[in-house]
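Report on the following structure.
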Amino acid sequence: MSTSSAFNDEKGGSSSVGEPEYGHDPASGGIFSSDYKRHDDLKEMLDSNKDSLKLEAMKRIVAMIARGKNASDLFPAVVKNVACKNIEVKKLVYVYLVRYAEEQQDLALLSISTFQRGLKDPNQLIRASALRVLSSIRVTIIVPIMMLAIKEAASDMSPYVRKTAAHAIPKLYSLDPEQKDQLIEVIEKLLADKTTLVAGSVVMAFEEVCPERIDLIHKNYRKLCNLLIDVEEWGQVVIINMLTRYARTQFLNPNINESLLEEGGGGEKTFYASDEDEDEDEEKEKKAEAVTMAKRKPYVMDPDHRLLLRNTKPLLQSRNAAVVMAVAQLYFHLAPKAEIGVIAKALVRLLRSHSEVQYVVLQNVATMTIKRRGMFEPYLKSFYIRSTDPTQIKILKLEVLTNLANETNISTILREFQTYIKSMDKDFVAATIQAIGRCATNIGEVRDTCLNGLVQLLSNRDELVVAESVVVIKKLLQMQPEKHSDIIKHMAKLTDNIQVPMARASILWLIGEYCEHVPKIAPDVLRKMAKSFTNEEDIVKLQIINLAAKLYLTNSKQTKLLTQYVLNLAKYDQNYDIRDRARFIRQLIVPTEKSGALSKYAKKLFLALKPAPVLESPFKDRDHFQLGSLSHLLNAKAGGYQELPDWPEAAPDPSVRNVEVPEWTKCSSREKRKEKKVEKPFYSDSEGESGPTESADSESDSGSGSESGSGSEDSRSGSESDESKEASESEEEEEEEEEDLKKKKKKKNEEKQLKKPVQESESEQSSEEEVRKPERKSKQNKSESESESDEDEESESESSESESEDSEDSEAELKKKKKVAPPKPAFKAAKKENKKEKKEMSLLDLDDFEPAPSPQVTPVNTFLSNSLVTDLEGLSLSDAALMPATIAPSSALKSYELLHRITGEGLSVEYCFSRQPFSPDANMVAVQMHFTNNSTSDTKSLHMEDVKLQSGMRVKEFPEIELLPAGETATAVMGIDFCDSTQAANFQLCTHTRKFFVSIQPPVGELMRPFFMTENEFKKEQGQLMGMNEITEKLTLDVKCRNEHTIVQKVTTAANLSRVPCGSDKECRFAGRTVTSSSLVLVTVATKDEGAAQLTVNCEKMVIGTMLVKDILLALTQ
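Laid out in structure tokens, this is it:
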């Protein structure tokens, strides 16, 4: 079947993607046939050469996955298309692979090289998808590859790829927790990212991997607060929850004075306190108040605490319920009591949402209303129950209404409750009756009203309503039993009708507890119950035994025989609890010779006064869980939940959140940024260049003292931030103008001081001053708009900020100085190079300048350090001049044994890598063979046969040695193209009589040849080989290996590289290219104090780079 016909058949068999796929002929039983050929057409489409068919097939496969169908059997057909040129197909293939890579790990591993290539793709979506697939293959063997991929993606130009890198971090951590330290470094790097797209994802990774490392947040706290408003919704939720925990560790409790009052004041009088104790209590309260007043200190809120509250408040208007809930919990846990009220309106708004959202919100509102009842009281009617609400929502709304009930609104609430009792939903009715009981216990004024209402419910036709009422009335009667003997009598009559065990048990307990109030009815109730004892539920049987015991102790004449009868029945009951209770009570109430001293106290034990039960909300103690969390919802600690820390007693150091600005920007950057903020037009050029994140930074609250705007290195950053908003604009402008003038004067003085040591005579200085005067005037006459845009551009990158103001001057001056003093440009260039190594200065292209004669250069040396001189000399040399000076020190070449004399029957062969170019083919490594004939007879016809090589490898055989006399030696050179791999070259070494199987395997250091480059070229190339192409290792050098000469010797012995000139005496640099593909290999050894060092290898081929690092580490640490 052709591909196109397959496509048409597929179309015919299934009218659309969403419908089931039937056989073509309904009579053929296609519907019931096995589906072993179900995906054949899709496989054919995927195998076709047409991208349109592949795209259509992939769309249908992804649609199948979306509908929940299993498409795993298509994995081999899909994975073949991972290298497809069509971007649309590639995207869908990656979507498929993310879904099935974990299930089909072996097949996914086959395509791993394609995913690695995908990481280098110019399209950011492909790079991100490749990383997503790579992190979905959960096989420990590829952990190093995943780690390299994440590190590279974390430095990617695209924020979307960096975001994907942040998503991959928790996946890698769950696969291999030992990578935690390296992952923390990546998290730290990504936390410094200023893009809103990355912020939420990296905080999620932080929460998963290292939530305890709160120190990583300090420097980024203000930035996160300012970016919060622009982060995507789910990122906002994660950041807000993290910042809530952060704030609880870094700031003081804003309600500290209030909580001290509550502790000291003693609160309300206890429920059981007698009236006689009131005077004593009042005196105690006064003393306690005096103590707390002494403890109280005026609370001043930390500006960073205020920043968090101010920047989260607008998010209460978010369309996402999770964001609103996150802000609400943040305010509840962090805000002063007076400010918490703002969240009530937002939460009430969420009650118009779906029932699932309502359920979560009401759970949190129920917890809040216990501590902060006042804030929801204005919205009482929003919690009234609708007939369409699900039962769970109804019960939660009841909970909130009960918590909000007070003397003023109780009549309204009780009227509501009356209508709820008529509902058909029995669970809801039962909950309403319990709510009435709670209102009665909490508010004394309505207790009688509630009790009468509940007694009326006892005549209800519905047994469940009556049973629930009995249970609640029992609890209420315990408060004032003597007043309500009529109700107890009424309830005694109900024993004939009520069958619900809990209700029957409650009535029996009431009659037994207050049998003195109903002396005539109680024995009769026991008589009836004794009749039906064997048919009762266990809970009722236990109460019958209790009733019998109490009546025996108070009215033994009438009930002695009944009690004995009940106890005898209980003695042989099936339930062991009832049998045990019967034995225990018999010994306790019926004194015998054997019974102990306890029987004397039987009456006190059974008829002791019992405290009335306190009807409490089930949400009372839930606020120890963080609101909005799953643990709070379940009222149990969920996996991965982090406790909300307690407030610190003393405020930690706030300066940890200050972001240090380099010295050379301190004087100018702050004023410039202020000026930019006040006077810059809304859409300026620089803003367009710097991208959305910078504008978001600068426009968000500058009060934060974050990078966006207020010199956070100053100790006054926080207080300034709040005041600066209130200050009028005119005052700000005046201050800025004054500061600008001072700054310009200061800068000119600094320029003079810098230039003085360079100048050789006063006459030169004065002539230069004259040259510069007209330029200064022209600079002052520049229009304001030009200077502003210049300053904007300057602030974009740290590197240009220090030098940018005099960049125009320097170019003009240099042209004039060329005529007066030739050496000065070179000196100035060197000075700038030293100051900012990373930046490439155009002045360093010394071809522009005429070579300075040596006598004129000498005075400059007095002002330069040795390192600068060597740097300059290195830079001015041409490649040809460098070559002889930088050749690696030749050490003795290492020999390897190819054939031992015993194995070779007297013939021994050694080989070494001569490190000389192999003249017949430049892409081959020269291998020098050394033959020795240790036997007594001559060896003839030495040559190679049967060469076995890996694909891509080549060998140039050495010329045949016709005769090797006994005791003689011979040398030959052969060439091997190892194809930039350490795979062995296998061949047979033949003589006229024997054949020996041998193999040559190269160390990775021999696969390269020296390459000569200047320091600038080295830095430029190194800058292009970052991310996955860079491998860094830390090491400790042996005492003997700490001098430069030894390091150079050891590195060049391990690898065939050449030395690159370097201005710093703390660094050694080496460069080379691989022999076959000419891929660049750069090595840097940077030494630090006490023998610590860092080895960095930048290589286009990651495998070679990894192996080279190991070899050089071994050489340096031996």
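Using my numbering, the letters of the sequence shown map in sequence onto residues 4 to 1121.
Note that CB positions come from ideal geometry on N, CA and C, so glycine has one too.
Owing to the predicted nature of the structure, the values given are computational and were not obtained by experimental measurement.
**Study point:** Given 8 Å, three or more beta-carbon pairs between the region 971-980 and the region 926-934
**Key:** yes
Exercise for review: Could you tell me the distance, in whole angstroms, from the CA atom of L246 to the CA atom of A324?
Suggested key: To locate residue 246, count along the sequence shown from 1; it is residue 243. To locate residue 324, count along the sequence shown from 1; it is residue 321. About 18 Å.
Check your understanding: DSSP three-state call for K959: helix, strand or coil?
Key -> As a position in the sequence shown, residue 959 is number 956, starting the count at 1. Strand at K959.
Exercise for review: Spell out a yes or no on whether the region 464-479 and the region 491-502 are touching, meaning 3 or more CB-CB pairs, one atom from each, closer than 8 Å.
Suggested key: yes
Practice item. Could you say which of L966, D949 and R1076 lies nearest to V958 if we only look at CA atoms? Key: Taking the first residue of the sequence shown as 1, we reach residue 958 at position 955. Of L966, D949 and R1076, the residue nearest in Cα terms is D949.
Point to revise | Nearest-angstrom Cα separation, counted from A533 out to L404 | key: As a working mapping, residue 404 is identified with position 401 in the sequence shown. As a working mapping, residue 533 is identified with position 530 in the sequence shown. About 43 Å.
Point to revise | Same chain, Cβ closer than 6 Å to A508, neighbours up to 5 away in sequence not counted | key: For the purposes of this step, residue 508 is taken as the residue at position 505 of the sequence shown. For A508, where only same-chain residues beyond five positions count, the Cβ hits under 6 Å are I542, V543 and Q546.
Check your understanding: CB F335 to CB M304, shorter than 8 Å?
Key -> Start at 1 with the first residue of the sequence shown, and residue 335 comes out as number 332. Start at 1 with the first residue of the sequence shown, and residue 304 comes out as number 301. Cβ atoms of F335 and M304: not closer than 8 Å.
Review point. Alpha carbon to alpha carbon, what distance is there between I153 and R130?
Key: Numbered from its first residue, the sequence shown carries residue 130 at position 127. Numbered from its first residue, the sequence shown carries residue 153 at position 150. Each residue's alpha carbon lies about 11 Å from the other.
Point to revise | Identified DSSP bridge partners for N936 | key: Residue numbering aside, residue 936 sits at position 933 when the sequence shown is read from its first letter. Partner(s): L910.
Review point. So what does DSSP say about D649, is it helix, strand or coil?
Key: By 1-based counting over the sequence shown, the position of residue 649 is 646. If DSSP states are grouped into helix, strand and coil, D649 belongs with coil.
Practice item. Name the residue from T994, K1037 and S1002 whose alpha carbon lies nearest to the alpha carbon of A988. Key: Looking up residue 988 in the sequence shown gives position 985. The shortest C-alpha separation from A988 is found at S1002.
**Study point:** Residue(s) in a DSSP beta bridge with Y99
**Key:** Indexing the sequence shown from 1 puts residue 99 at position 96. The partner list for Y99 (beta bridge, DSSP) is empty, contrary to what the question assumes.
Check your understanding: What are the boundary residues of the beta strand (DSSP E) that I979 is part of?
Key -> For the purposes of this step, residue 979 is identified with residue 976 of the sequence shown, where counting begins at 1. Unbroken beta strand (DSSP E) run through I979: T972 to D980.
Practice item. State the Cα-Cα distance for the pair T391 and E211, rounded to the nearest angstrom. Key: Translated into positions along the sequence shown, residue 391 becomes position 388. Translated into positions along the sequence shown, residue 211 becomes position 208. Going by the C-alpha atoms only, they are around 40 Å apart.
Point to revise | Residue from R322, Q239, N260 and A349 with nearest C-alpha to L311 | key: As a first step, residue 311 must be located in the sequence shown, where it is residue number 308. The residue with the shortest Cα to Cα distance from L311 is Q239.
Exercise for review: Go ahead and label M494 buried or exposed: buried means 16 or more other beta carbons lie within 10 angstroms of its beta carbon, across all protein chains shown.
Suggested key: On the sequence shown, residue 494 is found 491 positions in, with the first residue counted as 1. It is buried - the Cβ of M494 has at least 16 other Cβ atoms within 10 Å.
Practice item. Out of A341, G344 and R352, state which residue places its alpha-carbon closest to the alpha-carbon of Q320. Key: As a first step, residue 320 must be located in the sequence shown, where it is residue number 317. Here the closest residue by C-alpha is R352.
Exercise for review: Confirm the yes/no value for this check: CB of R313, any heavy atom of the ligand MN, distance under 7 Å.
Suggested key: No copy of the ligand MN occurs in the structure displayed, which carries no ligand at all.
**Study point:** CB contact flag (H1048, C993, <8 Å)
**Key:** For the purposes of this step, residue 1048 is taken as residue 1045 along the sequence shown, with counting starting at 1. For the purposes of this step, residue 993 is taken as residue 990 along the sequence shown, with counting starting at 1. It is not a contact, given that the beta carbons lie outside the stated cut-off.
Check your understanding: What is the DSSP secondary structure of G344, counted as helix, strand or coil?
Key -> Looking up residue 344 in the sequence shown gives position 341. Here G344 sits in coil by DSSP.
Check your understanding: According to DSSP, is G1075 helix, strand or coil?
Key -> Your numbering for residue 1075 matches position 1072 in the sequence shown. Strand at G1075.
Exercise for review: Check Q107 in the structure and name its three-state DSSP category.
Suggested key: As a working note, residue 107 is residue 104 in the sequence shown. DSSP places Q107 in coil when its eight states are reduced to three.
Exercise for review: From the DSSP output, in three-state form, read off E211 for me.
Suggested key: Your numbering for residue 211 matches position 208 in the sequence shown. In the structure shown, E211 sits in a helix (DSSP, three-state: H, G or I).
Check your understanding: What is the C-beta distance between A169 and A208, in whole angstroms, given that I count them as a contact (C-beta under 8 Å)?
Key -> For the purposes of this step, residue 169 is identified with residue 166 of the sequence shown, where counting begins at 1. For the purposes of this step, residue 208 is identified with residue 205 of the sequence shown, where counting begins at 1. Their Cβ separation, rounded to whole angstroms, is 5 Å, which keeps A169 and A208 in contact under 8 Å.
Review point. Does the pairing of the region 1008-1025 with the region 1083-1094 give three or more beta-carbon distances under 8 Å?
Key: yes
Check your understanding: Roughly how many angstroms lie between the CA atoms of R165 and K94, to the nearest whole one?
Key -> Taking the sequence shown and counting its residues from 1, the one referred to as residue 165 is at position 162. Taking the sequence shown and counting its residues from 1, the one referred to as residue 94 is at position 91. Spanning the two alpha carbons is a distance of roughly 18 Å.
Point to revise | Where D307 falls, given that 16 or more other Cβ within 10 Å makes a residue buried | key: For the purposes of this step, residue 307 is taken as residue 304 along the sequence shown, with counting starting at 1. Counting Cβ neighbours within 10 Å, D307 comes out buried, since at least 16 surround it.
Review point. How would you call E47, buried or exposed, if buried means at least 16 neighbouring beta carbons within 10 angstroms?
Key: Here residue 47 refers to the residue found at position 44 of the sequence shown. Classification for E47: buried.
Check your understanding: Whose C-alpha, out of A433, T452, R441 and L565, is nearest the C-alpha of N463?
Key -> Locating residue 463 in the sequence shown gives position 460, where the first residue counts as 1. Nearest C-alpha to N463: A433.
Review point. Can you tell me where the alpha helix (DSSP H) with I220 in it begins and where it stops?
Key: Start at 1 with the first residue of the sequence shown, and residue 220 comes out as number 217. Note, I220: alpha helix (DSSP H), D218 to H221.
Review point. Which word fits V659, buried or exposed, when buried means at least 16 other C-beta atoms lie within 10 angstroms of its C-beta?
Key: Taking the sequence shown and counting its residues from 1, the one referred to as residue 659 is at position 656. Result: exposed.
Check your understanding: Rounded to a whole number of angstroms, what is the C-alpha to C-alpha distance between R63 and V92?
Key -> Along the sequence shown, one-based indexing puts residue 63 at 60. Along the sequence shown, one-based indexing puts residue 92 at 89. Straight-line Cα distance between these residues: approximately 12 Å.
Review point. Can you name, in chain order, every residue of its own chain whose Cβ lies under 7 Å from the Cβ of A969, other than the five neighbours on each side?
Key: What you label residue 969 is simply residue 966 of the sequence shown in a count that begins at 1. Excluding sequence neighbours, A969 sits near N936, S938, T939, S940 and D941.
Check your understanding: For the 8 Å Cβ check, are there 3 or more pairs between the region 212-228 and the region 247-261?
Key -> yes
Check your understanding: Pick from K83, Q127, V98 and G515: whose alpha carbon is nearest that of L112?
Key -> Here residue 112 is taken as the residue at index 109 of the sequence shown, counted from 1. Measuring from the Cα of L112, the nearest candidate turns out to be K83.
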